[in-house]
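Residue numbers (the working numbering), protein chains in the order written: chain F, 2 to 174; chain A, 97 to 272; chain P, 288 to 674.
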């Protein structure tokens with residue numbers, strides 16, 4: 002598996018991370034506009050959606066989509082940053098059916114709106130409930146720069162990305 | 097508990113009067129009832145597995161006449177609430193209780209049904225902290241989950257409540 | 288007018304009403320659950336029936352939603368650990384391991400070798416326990432009462448053994464950050480060795496009693512076929528995908544702990560039906576016994592807790608993820624730390640969540656009684672779905 006195809010999902014930055022387990026994990030920062038395209042790229046390369054979740058931080062919402070390979074310890078993390086006032090992101094349910102419920106859950110807990118989602122009815126919360134339980138109070142919010150390493154959240158220039166891609170090679174087939 | 101704007105409706109408490117209200121027949125009928133309790137399987141979470149264990153070979157609740165677990169409230173007179181009751185579940189629990197024919201009894205099995213247990217924490221919004229807020233509870237069986245022996249003891253207590261005396265020897269008496 | 292022939296707008300609740308809007312004229316809308324014996328707890332499924340056939344089904348979740356992810360943000364790192372036994376109470380140790388593993392990865396904590404072996408032994412024992420309960424309960428759904436009695440006889444023995452080391456029967460909190468809480472005793476090892484021999488003789492009995500039974504075959508063969516493509520789209524794991532021909536097992540694909548030192552097979556069946564999933568689980572019990580026997584042989588001496596394991600935790604800022612193979616599939620725990628004494632975010636990736644999601648897709652056009660069989664063959668634990 003050669004991660005060079007990761008370039009086709011229009012990354013803002015690419016970084017190898019070690020905290021996701023043995024084997025290779027690549028964190029890919031993208032814009033919400035290229036999410037659908039990136040989701041399709043993952044599907045074409047045989048990765049499945051393990052889970053998706055959001056993080057409520059000072060800068061807004063930080064979405065992580067974890068894609069895993071069925072055959073090798075290889076993972077790709079798609080990261081999308083959204084603002085607090087208009088959290089909108091396209092739904093991946095059309096490409097990865099499993100995303101449907103994960104996104105509904107995320108809508109329940111954070112109030113993020115997934116456009117073109119088949120059904121955004123409350124999944125886990127009672128339908129009458131207005132509460133968004135996982136939203137933090139503004140005093141509790143921490144800046145993303147404290148939590149995540151910089152190379153995963155800051156866009157990198159094309160030259161840096163190329164160097165990273167040529168440095169990340171897997172021995173897995 | 098976090099503010100949710102949710103209102104809970106407790107169960108209606110009016111019970112049907114007995115058809116014959118004489119002391120001696122009532123006593124006999126109560127004895128029969130207590131020795132053949134029909135529990136409703138109200139398995140909600142972890143405690144449900146221990147409730148199943150009570151019905152199986154080792155603990156064998158059939159020895160005390162309460163092995164006929166019924167999925168329908170119409171056929172049962174003992175509701176064993178085994179697990180956490182969430183706000184979403186609460187209306188269903190109240191409805192099932194109201195559908196049970198009188199006389200009826202309730203066991204709150206496990207810490208979740210008693211008080212919310214480990215899930216009662218600051219900012220919790222999703223659960224009913226104690227099933228006694230919804231239905232009148234006769235016996236509380238603590239534990240997380242209670243051991244099957246604990247649930248058996250709870251059933252003995254119900255029998256004691258119905259008939260006015262304990263029918264089975266205490267463990268230390270049995271050992272002696 | 289004596290009888291009101293107009294349909295009531297207020298009938299049903301939010302979910303029924305939105306489900307009804309798309310129903311075909313004259314079809315029956317049926318609510319299964321949230322209190323129904325075949326849904327294994329508090330799952331509710333709304334089905335649209337055309338005669339005896341399911342035209343559409345929609346699971347409604349949240350009836351045991353206890354918000355365990357919020358709880359992670361309220362309690363400290365150590366205080367949150369006991370909760371993991373209550374996420375999936377049938378394979379509690381897998382969740383223990385998932386959380387403990389994620390925190391260990393976050394702080395770079397090493398685990399003594401003996402502790403790793405003890406984790407493997409107890410986790411596999413718990414897996415057998417979970418599969419046994421599934422076996423009994425599934426057959427109960429299909430109308431056979433006796434097998435659950437056999438299953439519980441063996442379950443009680445396993446629970447007795449796990450009680451010696453963990454101190455509880457069901458909701459274990461045994462693993463600690465940096466090891467396990469207590470060492471296993473010689474009494475436990477003796478009992479476990481006897482159990483392995485005894486259980487290997489029980490498995491053929493189960494086969495004779497149930498697996499070769501005509502009624503079971505009629506209720507499961509060619510029922511609930513799930514093509515590999517559909518399963519992959521939904522991200523379902525565990526015996527569900529292994530019953531459709533894909534040897535995906537976290538223990539093999541991303542080996543954690545000491546699993547790479549044991550010789551065991553990943554049972555795979557290609558029939559894609561409920562019977563294939565049944566067979567995967569039956570064979571998995573056999574493989575778990577194999578792993579336990581090898582682990583007991585290779586068990587090294589030493590401490591079970593790392594001497595420098597922290598009691599008070601304030602991990603450095605960052606994230607970590609750890610996945611293990613539970614009886615139902617891939618369990619993943621994702622933790623984010625901001626450097627404080629409490630987690631910033633805990634996300635639990637439950638296998639049953641993805642597995643149940645499949646149900647709406649595969650139950651289209653099957654008989655209602657077969658839908659019960661399909662639901663049982665997915666082996667769901669509802670609190671794990673609702674969290």
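Cβ coordinates follow ideal geometry from the N, Cα and C atoms, glycine included. These numbers were taken from a predicted model, which means no experiment stands behind them.
About 6 angstroms separates the CB atoms of residue 94 of chain F and residue 119 of chain F; that is less than 8 angstroms, so the two are in contact. If you look at residue 143 of chain A, you'll find it in the alpha helix (DSSP H) that goes 142-151. A Cβ of chain F is located within less than 8 angstroms of the beta carbon of residue 183 of chain A.
Contact annotation: residue 183 of chain A and residue 107 of chain A have beta-carbon atoms that are not nearer than 8 angstroms. Residues of the segment 89-101 of chain F whose Cβ lies closer than 8 angstroms to any Cβ of chain P, in chain order: 97, 98, 99 and 101.
Spanning the alpha carbons of residue 127 of chain A and residue 258 of chain A requires a straight line of approximately 7 angstroms. For residue 192 of chain A, there is no enclosing beta strand (DSSP E); the residue is part of the alpha helix (DSSP H) that begins and ends at 186-195.
Listed along the chain, the chain P residues whose CB falls inside 8 angstroms of the CB of residue 122 of chain F are 301, 302 and 305. DSSP places residue 26 of chain F inside the beta strand (DSSP E), whose first and last residues are 25-31. The count of Cβ pairs closer than 8 angstroms, one atom from the segment 610-620 of chain P and one from the segment 472-485 of chain P, stays below three, leaving the stretches out of contact. Proximity of residue 387 of chain P to chain F, defined by a Cβ-Cβ separation below 8 angstroms, is not satisfied. If only complete runs of 3 or more residues are kept, the segment 193-256 of chain A shows the beta strand (DSSP E) at 201-205 and 235-237, in order along the chain. Per DSSP, the beta-bridge partners of residue 617 of chain P are P:612. Against chain P, a Cβ distance below 8 angstroms from residue 148 of chain F picks out 604, 605, 606, 623, 624, 625 and 631.
The beta carbon of residue 369 of chain P is closer than 7 angstroms to those of 460 in its chain, skipping five residues each way along the sequence. In the structure shown, the three-state DSSP call for residue 61 of chain F is strand. About 15 angstroms separates the Cβ atoms of residue 201 of chain A and residue 171 of chain A, ruling out a contact at the 8 angstroms cut-off. For residue 163 of chain A, there are no neighbours in chain P by C-beta distance under 8 angstroms, as the nearest C-beta there is about 12 angstroms away. Counting only residues of its own chain and dropping the five nearest sequence neighbours on each side, residue 349 of chain P has a CB closer than 7 angstroms to the CB of 673. In this structure, the beta-carbon distance from residue 428 of chain P to residue 507 of chain P does not fall below 8 angstroms.
Where residue 473 of chain P is concerned, the enclosing alpha helix (DSSP H) starts and stops at 473-493.
For residue 193 of chain A, no chain P residue has a C-beta closer than 9 angstroms to its own C-beta; the minimum C-beta separation is roughly 11 angstroms.
For chain P, the residues of the segment 219-248 of chain A that bring a beta carbon within less than 9 angstroms of one of its beta carbons are 219, 220, 221, 222, 223, 240, 241, 243 and 244, in chain order. Residue contact check for residue 321 of chain P against chain A: a CB pair falls below 8 angstroms. The beta-carbon of residue 375 of chain P is placed no less than 8 angstroms from the nearest beta-carbon of chain F. Distances from the alpha-carbon of residue 197 of chain A to those of A:243, A:136, A:267 and A:140 put A:136 closest. By the CB criterion at 8 angstroms, residue 62 of chain F and residue 48 of chain F fall outside the cutoff.
For residue 145 of chain F, the closest alpha carbon among the candidates P:626, P:668, P:332 and P:646 is that of P:626. With the criterion set as a beta carbon lying under 8 angstroms from some beta carbon of chain P, the members of the segment 135-164 of chain A are 137, 138, 139, 140, 141, 142, 144, 145, 146, 148, 149, 152, 153 and 154, in sequence order. Taken through DSSP and simplified to helix, strand or coil, residue 458 of chain P comes out as coil. A distance below 7 angstroms between beta-carbons, with the five flanking residues on each side excluded, links residue 480 of chain P to the following residues of its chain, in chain order: 583. In the structure shown, residue 535 of chain P falls within a coil segment according to DSSP collapsed to helix, strand and coil. Against chain P, the CB of residue 188 of chain A has a partner CB under 8 angstroms away; the residue lies at that interface.
Between residue 523 of chain P and residue 53 of chain F, the alpha-carbon positions lie close to 14 angstroms from each other. At the C-beta level, residue 23 of chain F and residue 443 of chain P stay beyond 8 angstroms of one another. The beta-bridge partner set that DSSP reports for residue 303 of chain P is empty.
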